[in-house]
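Under our numbering, residue 145 is the last one in the sequence shown; the count climbs by one each step, no gaps. Yeah, the Cβ is synthetic: ideal placement off N, Cα and C, and Gly gets one too. Please read all numbers here as calculations on a predicted model, not as lab measurements.
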Amino acid sequence: MRLIDHLKTVDKTVAAFAEQIGESENTVRKIVYGQRQPSLPLAVKIAAATKGAVTEADLILSQGAAA
C-alpha cells in the first residue's frame, strides 16, 4: 500500500504521522509524494508505525508514490 493511501485510510495528516515517527514533516512529505525514498531504517520505522499496512518494499521499490 502507498503511504499516501494509508494516511487517507486512517485519516491522519502528514504532519501528525511525521510527529508519530519522530521525523520532520518535510522528510515525510517528500516520501509520501515520491520525491525521495526513505533509508532502510526509516522504511522499517514507517512499516512498524503503519502496523505493516505499508511495507518496506512498498516504500523502497515504489516509483512515483503519489501517481
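Linking Leu85 to Leu137 through their CA atoms gives a straight-line distance of about 14 Å. Using a Cβ distance threshold of 9 Å, Val132 and Arg80 count as a contacting pair. A straight line joining the alpha-carbon of Lys129 with that of Gln113 spans about 23 Å.
The three-state reading of DSSP puts Ala131 in coil, since its state is none of H, G, I, E or B.
In the same chain as Ala125, and ignoring 5 residues on each side of it, the C-beta atoms closer than 7 Å to its own belong to Val132, Thr133, Glu134, in chain order.
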